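S.K.:
There are 2 protein chains.
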Amino acid sequence: MERKSIDHKISRKPSGAAVIRTDLTDALFRALFEEWAQTGYAAISLERVAARAGAGKAAIYRRWPSKREFASAAIERSAPGLGGFGDHGSLEADILAYLTMTRRVLRHPLVRRILPDLHAERMRSGDLAPLLDHVATTRRTAGQAMLDRAIARHELRPDIDREFAFDLIPSPLYWRMIVRCRPIGRADLERQAAVIANALRSC
Amino acid sequence: MERKSIDHKISRKPSGAAVIRTDLTDALFRALFEEWAQTGYAAISLERVAARAGAGKAAIYRRWPSKREFASAAIERSAPGLGGFGDHGSLEADILAYLTMTRRVLRHPLVRRILPDLHAERMRSGDLAPLLDHVATTRRTAGQAMLDRAIARHELRPDIDREFAFDLIPSPLYWRMIVRCRPIGRADLERQAAVIANALRSC
DNA sequence: CTTCAATGGAACGCTATCGTTCCGTCCATA
DNA sequence: TATGGACGGAACGATAGCGTTCCATTGAAG
Chain A
1 MERKSIDHKI
11 SRKPSGAAVI
21 RTDLTDALFR
31 ALFEEWAQTG
41 YAAISLERVA
51 ARAGAGKAAI
61 YRRWPSKREF
71 ASAAIERSAP
81 GLGGFGDHGS
91 LEADILAYLT
101 MTRRVLRHPL
111 VRRILPDLHA
121 ERMRSGDLAP
131 LLDHVATTRR
141 TAGQAMLDRA
151 IARHELRPDI
161 DREFAFDLIP
171 SPLYWRMIVR
181 CRPIGRADLE
191 RQAAVIANAL
201 RSC
Chain B
1 MERKSIDHKI
11 SRKPSGAAVI
21 RTDLTDALFR
31 ALFEEWAQTG
41 YAAISLERVA
51 ARAGAGKAAI
61 YRRWPSKREF
71 ASAAIERSAP
81 GLGGFGDHGS
91 LEADILAYLT
101 MTRRVLRHPL
111 VRRILPDLHA
121 ERMRSGDLAP
131 LLDHVATTRR
141 TAGQAMLDRA
151 IARHELRPDI
161 DREFAFDLIP
171 SPLYWRMIVR
181 CRPIGRADLE
191 RQAAVIANAL
201 RSC
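These protein sequences, in sequence, are chains A and B.
Here UniProt numbering is used: the first residue of the first sequence is 1, the next is one more, and so on.
Here UniProt numbering is used: the first residue of the second sequence is 1, the next is one more, and so on.
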């Protein structure tokens with residue numbers, strides 16, 4: 001593995017087997033997430049990630065200089081955008097849809113292990129903070145739209161404290177599923193949506 | 001270090017320097033928490049813990065057979081009981097006191113790093129689940145008393161869903177401080193208490 | 001067909017860490 | 001004073017993992 005090729009006169013463009021394999025990059029990303037879910041970020045061994053992907057470590061180091069860059073690229077590549085988040089007709093229905101989607105995400109076997117690990121890791125070291133910020137931004141955009149609609153419907157006051165709302169809406173679900181490690185059924189999800197919507201309307 | 005002395009005829013009771021030093025045990029517990037806060041459970045190195053405590057690994061292995069037992073003993077020894085949780089006169093005031101105390105705990109530099117790490121670790125392996133159950137039980141007892149008082153005051157219906165309340169009360173604070181990694185001032189804490197109390201009263 | 005470019009699996013040299021072993025040392029007891 | 005019991009720091013042998021190096025192999029281009 002000769003990584004630094006500088007000031008070399010290129011007479012032929014690399015091609016064929018001399019080009020990074022994207023299928024191997026994909027396999028490395030998948031392996032990283034699986035290893036991450038199993039061990040937590042701090043204990044990720046790149047040797048094990050490579051083995052899990054059926055590769056050697058050189059394949060990793062050719063692509064990323066460090067575990068952190070590797071993890072950053074993986075998160076950015078896969079950040080679950082909430083995508084289209086339609087109007088459900090009322091604040092409560094919007095919140096229910098938001099919580100339903102969030103529940104689905106938090107049920108994913110990799111996400112439910114990697115996300116809290118990211119939170120814990122961020123407490124120790126700010127290295128991964130940009131990753132969480134990246135994830136949070138997409139969720140915030142969806143949340144802003146939801147609040148905008150509720151204001152337009154006159155369900156919420158225009159000057160509602162949006163930070164407060166962004167704390168109140170997802171937190172009981174996160175607490176239930178991650179902190180308490182408990183499942184939540186449809187009825188409880190609906191009750192959360194109703195109580196939260198009611199609470200926000202009376203702010 | 002000869003740990004296994006079995007079927008040996010004891011002719012004299014150990015004493016003096018032949019007895020486990022409790023000051024060293026204390027130092028080991030402190031060192032463990034510091035290392036835990038720094039690296040997360042998965043990456044704790046007992047060698048580093050011992051060094052941090054100014055000791056050798058034999059001192060650890062004489063006391064505990066594994067990292068897990070060591071960690072268990074440490075948590076059980078130090079689980080922050082919420083202690084006396086007095087009656088503040090109303091549900092809202094009780095909740096505010098509860099949140100104030102919780103905020104103080106979550107501000108502690110070791111707790112704010114170890115607690116989310118425990119949650120993340122539990123998602124990966126059930127090994128540490130009993131520790132979290134232990135911590136949760138003491139908090140639950142305080143919470144039950146708070147709900148009992150509110151019912152006695154006729155602020156809450158006797159059949160309120162206690163699980164729902166236990167999710168709703170601490171979660172926005174936890175979300176704010178741990179998941180969002182944001183501080184929270186007195187005014188926002190009071191608002192949380194007011195909104196949560198109101199929400200529970202209207203359940 | 002030959003050549004090129006560089007990929008990527010395997011191996012390397014080094015360090016950190018593990019659980020265990022060793023034995024000098026300690027301090028109360030006889 | 002001598003003795004007993006075992007503690008606990010240092011060292012041990014083995015392994016895991018790191019970042020780097022090596023070079024056989026690959027596949028497109030000429």
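For every residue, glycine included, the Cβ atom is placed at its ideal position computed from N, Cα and C.
Computed from a predicted structure; not experimentally measured.
Skipping 5 residues on each side, what residues in its chain have a beta carbon closer than 8 Å to that of A/F33?
M.R.: Contacts found: A74, S78, L110 and I114.
S.K.: Taking the runs of the alpha helix (DSSP H) that are 4 residues or longer, which of them lie wholly in the segment 9-39 of chain B?
M.R.: Listed in chain order, the complete alpha helix (DSSP H) runs (minimum 4 residues) inside the segment 9-39 of chain B are 22-39.
S.K.: Taking only beta-carbon atoms, is residue 211 of chain B less than 7 Å away from chain A?
M.R.: This structure cannot speak to residue 211 of chain B, because chain B is shown only from 1 to 203.
S.K.: List, from N- to C-terminal side, the alpha helix (DSSP H) runs of 4 residues or more that fit wholly inside the segment 116-202 of chain A.
M.R.: If we require 4 residues or more, the alpha helix (DSSP H) runs fully inside the segment 116-202 of chain A come out as 129-152, 162-168, 171-174 and 186-201.
S.K.: Hey, quick one: how far does the alpha helix (DSSP H) through A/F85 stretch, first residue to last?
M.R.: First-last for A/F85: undefined, no H or E at that position.
S.K.: Any C-beta of chain A sitting closer than 7 Å to the C-beta of B/M101?
M.R.: Not an interface residue.
S.K.: What in chain B is Cβ-close to residue 208 of chain A, meaning under 7 Å?
M.R.: It is not possible to answer for residue 208 of chain A, since the shown part of chain A is limited to 1 through 203.
S.K.: From this set, B/R124, B/L118 and B/S202, which residue's C-alpha is nearest A/T39's C-alpha?
M.R.: The option with the nearest alpha carbon to A/T39 is B/R124.
S.K.: Would you please verify whether the beta carbon of B/P116 is less than 7 Å from any beta carbon of chain A?
M.R.: So, interface residue.
S.K.: I need the boundaries of the alpha helix (DSSP H) containing B/I44, first residue and last residue.
M.R.: Careful: B/I44 lies outside any alpha helix (DSSP H) and carries neither H nor E.
S.K.: Which residue marks the beginning of the alpha helix (DSSP H) containing B/A53, and which one marks its end?
M.R.: Where B/A53 is concerned, there is no enclosing alpha helix (DSSP H), given that its DSSP letter is neither H nor E.
S.K.: Cutting at 7 Å between CB atoms, please list the residues of its own chain near B/A93, excluding the five before and the five after it.
M.R.: Once the five neighbours on either side are set aside, B/A93 has no close Cβ partner at all.
S.K.: Is it the case that the Cβ atoms of B/A51 and B/A27 are separated by a distance below 7 Å?
M.R.: No, these two residues do not count as a Cβ contact at 7 Å.
S.K.: Residues in its own chain within less than 8 Å of A/I178 by CB, not counting five upstream and five downstream?
M.R.: Cβ within range, chain order: L106, R112, L115 and P116.
S.K.: Between which two residues does the alpha helix (DSSP H) harbouring A/S72 extend?
M.R.: Segment K67 to S78, the alpha helix (DSSP H) holding A/S72.
S.K.: Buried or exposed, going by whether 16 or more other CB atoms sit within 10 Å of the CB of B/R103?
M.R.: Buried.
S.K.: What does the Cβ neighbour count give for B/D133, buried or exposed, with the cut at 16 atoms within 10 Å?
M.R.: Flag for B/D133 reads exposed.
S.K.: So B/E35 packs on B/R48, CB below 8 Å; how close in whole Å?
M.R.: That belief holds up - the Cβ atoms of B/E35 and B/R48 are roughly 6 Å apart, short of 8 Å.
S.K.: Starting from B/L99 and walking both ways along the alpha helix (DSSP H), at which residues does that stretch end?
M.R.: Residues L91 to R107.
S.K.: Taking C-beta to C-beta, are A/I184 and A/R176 nearer than 7 Å?
M.R.: Yes, Cβ-Cβ distance for A/I184 and A/R176 is below 7 Å.
S.K.: When you compare the CB of A/M146 with every CB in chain B, is at least one pair closer than 7 Å?
M.R.: So no, A/M146 is outside the interface.
S.K.: Could you tell me the distance, in whole angstroms, from the CA atom of B/D7 to the CA atom of A/T25?
M.R.: At B/D7 the pLDDT is 38, less than 50, meaning the model places this residue with poor confidence and gives no usable figure here.
S.K.: Can you check whether the C-beta of A/D94 is within less than 7 Å of a C-beta belonging to chain B?
M.R.: A/D94 does not count as touching chain B.
S.K.: Does the beta-carbon of A/S171 have 16 or more other beta-carbons within 10 angstroms, so that it is buried, or is it exposed?
M.R.: The residue in question, A/S171, is buried, as its Cβ has 16 or more Cβ neighbours within 10 Å.
S.K.: Answer with yes or no whether the minimum CB distance from B/V179 to chain A is below 7 Å.
M.R.: So yes, B/V179 belongs to the interface.
S.K.: Might you give, ordered along the chain, the residues of its own chain that have their beta carbon closer than 7 Å to the beta carbon of A/K67, omitting 5 neighbours on each side?
M.R.: So the list reads I44 and L46, once near-sequence residues are dropped.
S.K.: Straight-line CA distance for A/P130 to B/A120?
M.R.: Cα-Cα distance, rounded: 19 Å.
S.K.: Please report the Cβ distance between A/A197 and A/I95, rounded to the nearest whole angstrom; I am assuming they are in contact, meaning their Cβ atoms lie under 8 Å.
M.R.: Right, the Cβ-Cβ distance comes to about 5 Å (below 8 Å), so this counts as a contact.
S.K.: Would you report the Cα separation of B/A42 and B/A193, rounded to the nearest angstrom?
M.R.: Straight-line Cα distance between these residues: approximately 36 Å.
S.K.: Under 7 Å between C-beta atoms, does B/P172 make it to chain A?
M.R.: At least one chain A Cβ lies under 7 Å of B/P172.
S.K.: Just the chain A side, please: which residues come within less than 8 Å of B/T39 by C-beta, in chain order?
M.R.: Simply A42 and R124.
S.K.: Please confirm whether A/V19 has its beta-carbon closer than 7 Å to some beta-carbon of chain B.
M.R.: Not an interface residue.
S.K.: Is it buried or exposed for A/V19, if we count other Cβ within 10 angstroms and need 16 for buried?
M.R.: Counting Cβ neighbours within 10 Å, A/V19 comes out exposed, since fewer than 16 surround it.
S.K.: Using a C-beta to C-beta distance shorter than 8 Å, which residues of chain A count as neighbours of B/A165?
M.R.: Going along chain A, no residue has its Cβ under 8 Å from B/A165, so there is no contact; the nearest lies around 10 Å.
S.K.: Return no unless some Cβ of chain A is closer than 7 Å to the Cβ of B/H108.
M.R.: For B/H108, the answer is no, since every Cβ of chain A falls outside 7 Å of its Cβ.
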